[in-house]
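Step one of this worksheet: look at the structure below.
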Amino acid sequence: ETNFAKNNYDRLYNEFIGFRKKFYGIDSIITTSAVGPLQFKDKYPIYCFDVSKQSERLKSGVTDITLECRFDESPTDGTIAHAVIISDRKLKFKSDGEKLSVLY
Numbered sequence: 018e019t020n021f022a023k024n025n026y027d028r029l030y031n032e033f034i035g036f037r038k039k040f041y042g043i044d045s046i047i048t049t050s051a052v053g054p055l056q057f058k059d060k061y062p063i064y065c066f067d068v069s070k071q072s073e074r075l076k077s078g079v080t081d082i083t084l085e086c087r088f089d090e091s092p093t094d095g096t097i098a099h100a101v102i103i104s105d106r107k108l109k110f111k112s113d114g115e116k117l118s119v120l121y
């Protein structure tokens with residue numbers, strides 16, 4: 018379980034760093050991220066989810082992804098969440114501000 022108040026966010030930070038290597042070939046040993054662990058915690062909590070390792074049966078159909086978050090405290094007014102979806106298929110997205118739908 019992730020808990021930023023208790024400094025338990027290393028898995029999320031490692032996924033963030035691993036994303037650069039997997040998708041861009043940038044090795045963290047050669048060059049570090051401009052976002053260190055403390056900046057990640059305090060300013061840039063970027064969550065990376067790799068869902069590429071799915072069975073071939075799921076890859077040919079529609080995949081439903083739901084992200085559910087629970088907070089100990091309510092997010093401050095003006096908090097904005099962004100989603101970046103990287104896919105090897107050409108897709109068109111539509112959003113009503115709450116839900117994101119895929120149009121083929």
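Converting from the sequence shown to my numbering requires adding 17 to each position, the first position being numbered 1.
Built from N, CA and C at the ideal position, the CB exists for glycine as well.
Q) Thinking C-alpha only, which one of Ile-46, Phe-33 and Arg-37 is nearest Tyr-61? A) Phe-33
Q: Can you tell me which of the three DSSP states Lys-109 falls into?
A: strand
Q.
Beta-carbon within less than 8 Å of Asn-25's beta-carbon, same chain only, minus the 5 sequence neighbours each way: which residues are those?
A. Glu-18 and Thr-19
Q | Host beta strand (DSSP E) of Leu-120 (start-end) | A | 117-120
(Q) Since Val-12 and Leu-108 should fall inside the 8 Å C-beta cutoff, what is the C-beta to C-beta distance between them, to a whole number of angstroms? (A) Residue 12 lies beyond the residue range present for the chain, which begins at 18 and ends at 121; the question has no answer from this structure.
Q.
Using 8 Å for Cβ pairs, my map puts Ser-45 next to Lys-38. What's the rounded Cβ distance?
A. 7 Å
Q: Could you tell me which of Cys-65, Ser-91 and Glu-85 sits nearest to Glu-115, measuring between CA atoms?
A: Glu-85
Q) Can you tell which of Asp-67, Gln-56 and Ile-97 has the C-alpha that lies nearest to the C-alpha of Asp-105? A) Asp-67
Q. In whole angstroms, what separates the C-alpha of Phe-57 from that of Asp-94?
A. 20 Å
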